[in-house]
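Numbering (the numbering used here), first residue to last: 119 to 185.
The beta-carbon is built from N, C-alpha and C at its ideal position, and this holds for glycine as well.
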Amino acid sequence: MKNKGKNTMTNFFAITTILSAILAVGSIEDCAGACIGNENWTAFFICLTIMIICGIMTILTMNKKGQ
119 MKNKGKNTMT NFFAITTILS AILAVGSIED CAGACIGNEN WTAFFICLTI
169 MIICGIMTIL TMNKKGQ
């Protein structure tokens with residue numbers, strides 16, 4: 119029962135990592151040249167920071183084989 123909480127947090131951090139990566143790329147998408155100059159670099163760096171933090175937390179909360 120103790121591992122269930124750890125697995126839930128691992129899943130949460132993993133999903134957040136993937137979603138923030140998608141949002142980061144979407145923030146600086148070029149719109150095939152139609153919207154040049156409308157990139158949102160602030161949102162990109164916020165999503166990038168969240169992605170890195172959640173990626174590290176995913177690795178740290180993963181179950182080890184010895185436990």
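Query: Where the alpha helix (DSSP H) through C172 begins and ends; Result: 159-179
Query: I133 to I177 span [Cα, whole Å]; Result: 13 Å
Query: Anticipated Cβ contact below 8 Å, I170 with E157, distance rounded; Result: Contact flag wrong, Cβ pair sits at about 20 Å.
Query: G184 burial status per 10 Å Cβ neighbour count (16 or more: buried); Result: At G184, the pLDDT of 41 sits below 50, so the modelled position is not reliable; the number obtained from the coordinates is stated separately. It is exposed - the Cβ of G184 has fewer than 16 other Cβ atoms within 10 Å.
Query: For A230, three-class secondary structure by DSSP; Result: With the chain running from 119 to 185 in the structure shown, residue 230 is simply not present.
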